[in-house]
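Chemist: Per the numbering used here, the sequence shown runs over residues 366 to 559. Every residue gets a Cβ at the ideal spot worked out from N, C-alpha and C, and that includes glycine. Sharing a structure here in structure tokens format.
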Amino acid sequence: MRRLLQPWTTAEILVVATMGIAIGLIWVPWTWFYQATAAVLGPWAAHFVGGFWLIGGVITPYIVRKPGAALLGELIAALAEMPLTPWGAIVLIAGLIEGGACELFFLATGYRRFSLPWLMGAAAFGGLAFSLLYLYPIQGWGRLAIEAQVLYTLMRMAGAAILAGGGAKLIADALVPTGVLDAFPIARERRPEI
Numbered sequence: 366m367r368r369l370l371q372p373w374t375t376a377e378i379l380v381v382a383t384m385g386i387a388i389g390l391i392w393v394p395w396t397w398f399y400q401a402t403a404a405v406l407g408p409w410a411a412h413f414v415g416g417f418w419l420i421g422g423v424i425t426p427y428i429v430r431k432p433g434a435a436l437l438g439e440l441i442a443a444l445a446e447m448p449l450t451p452w453g454a455i456v457l458i459a460g461l462i463e464g465g466a467c468e469l470f471f472l473a474t475g476y477r478r479f480s481l482p483w484l485m486g487a488a489a490f491g492g493l494a495f496s497l498l499y500l501y502p503i504q505g506w507g508r509l510a511i512e513a514q515v516l517y518t519l520m521r522m523a524g525a526a527i528l529a530g531g532g533a534k535l536i537a538d539a540l541v542p543t544g545v546l547d548a549f550p551i552a553r554e555r556r557p558e559i
């Protein structure tokens, strides 16, 4: 518990901000990929692809392991994406919902579990929250047939688990050997005991 109450360091803030900005900039071309997927394969596939938008809420707590990392990572990414995509300021609401849901998932274990299934679960939970708290009230999902609602929600959750949860693990684990994350728990836990 004491570890969770420690203030953030400058290095932690900088890494979360940098990761958030980088992710937000990656989301810009992802927006066009999402649109193309919707046009070619339909909305079910687009909702799977849309799961990638949760990576900011998974990768930052995986690296930093502090309260607020999921929410901050997702919101900074949304801020970076906002002026460069057609979505506009509404992405801040999406970031708040997705980051907040991921935050709750990590909070459930006191920021101690970061296995691949746990990262995927956090992302899937964020995808579920996005579907229920954003797509229903803002995009009117309640007007869709129940089968479409269930399919789209499951596709969003699956896409989030695989693309955001699995992607966060792959990217962060690939960064560890470079040494840029040596000051963070993700790297410290892999060091051999001397």
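(1) Is the beta carbon of G453 closer than 8 Å to that of E439?
(2) So the candidates are F495, A552, V456 and I511; which of them puts its Cα closest to the Cα of K534?
(3) Starting from the Cα of Q400, find the closest Cα among P448, V414 and A523 and give me that residue.
(4) What's the gap between the Cα of P448 and the Cα of I462?
(5) Please classify A539: is it buried, with 16 or more other beta-carbons within 10 angstroms of its beta-carbon, or exposed?
(6) Shortest alpha-carbon distance to Q371 belongs to which of V429, Q504 and T402?
(7) For L509 and Y501, I'd like the C-alpha separation in whole angstroms.
(8) Taking contact to mean 3 or more Cβ pairs, one atom from each stretch, closer than 8 Å, check whether the region 505-524 and the region 391-406 are in contact.
(9) Along the chain, where does the alpha helix (DSSP H) containing Y499 start, and where does it finish?
(10) Suppose you measure from the CA of I386 to the CA of L493; what does that come to, to the nearest Å?
(11) DSSP on R553, reduced to helix/strand/coil?
(12) Which residues mark the beginning and the end of the alpha helix (DSSP H) in which D547 is found?
(13) Rounded to the nearest angstrom, how far is the Cβ of V515 from that of A434, given a contact under 8 Å?
(14) Ordered along the chain, which non-local residues of its own chain (more than five positions away) have a Cβ less than 6 Å from that of L528?
(15) Excluding sequence positions up to five away, which residues of its chain have a Cβ less than 7 Å from the Cβ of I511?
(16) At what residues does the alpha helix (DSSP H) containing V393 begin and finish?
Modeler: Let me lay it out:
(1) Sequence index remark: in the sequence shown, residue 439 carries index 74 (1-based). Sequence index remark: in the sequence shown, residue 453 carries index 88 (1-based). It is not a contact, given that the beta carbons lie outside the stated cut-off.
(2) Working through the sequence shown from its first residue, we reach residue 534 at position 169. It is A552 whose Cα lies nearest to the Cα of K534.
(3) On the sequence shown, residue 400 is found 35 positions in, with the first residue counted as 1. With distances taken between Cα atoms, Q400 lies closest to V414.
(4) As a position in the sequence shown, residue 448 is number 83, starting the count at 1. As a position in the sequence shown, residue 462 is number 97, starting the count at 1. Distance between the alpha carbons of P448 and I462: 19 Å.
(5) Your numbering for residue 539 matches position 174 in the sequence shown. With fewer than 16 other Cβ atoms within 10 Å, it is exposed.
(6) On the sequence shown, residue 371 is found 6 positions in, with the first residue counted as 1. Looking at the Cα atoms, V429 is the closest of the given residues.
(7) For the purposes of this step, residue 509 is taken as residue 144 along the sequence shown, with counting starting at 1. For the purposes of this step, residue 501 is taken as residue 136 along the sequence shown, with counting starting at 1. The straight-line gap from Cα to Cα measures roughly 10 Å.
(8) no
(9) What you label residue 499 is simply residue 134 of the sequence shown in a count that begins at 1. Where Y499 is concerned, there is no enclosing alpha helix (DSSP H), given that its DSSP letter is neither H nor E.
(10) Translated into the one-based positions of the sequence shown, residue 386 becomes position 21. Translated into the one-based positions of the sequence shown, residue 493 becomes position 128. If I take the Cα positions, the gap works out to 24 Å.
(11) Here residue 553 is taken as the residue at index 188 of the sequence shown, counted from 1. R553 falls in the helix class under three-state DSSP.
(12) The residue labelled residue 547 in the question sits at position 182 within the sequence shown. Where D547 is concerned, there is no enclosing alpha helix (DSSP H), given that its DSSP letter is neither H nor E.
(13) Taking the first residue of the sequence shown as 1, we reach residue 515 at position 150. Taking the first residue of the sequence shown as 1, we reach residue 434 at position 69. About 31 Å separates the two Cβ atoms, so there is no contact after all.
(14) Mapped onto the sequence shown, residue 528 falls at position 163. These residues qualify, in order along the chain: G416 and F417.
(15) Taking the first residue of the sequence shown as 1, we reach residue 511 at position 146. Here the set comprises nothing.
(16) Looking up residue 393 in the sequence shown gives position 28. T375 to L406 is the span of the alpha helix (DSSP H), which, as asked, contains V393.
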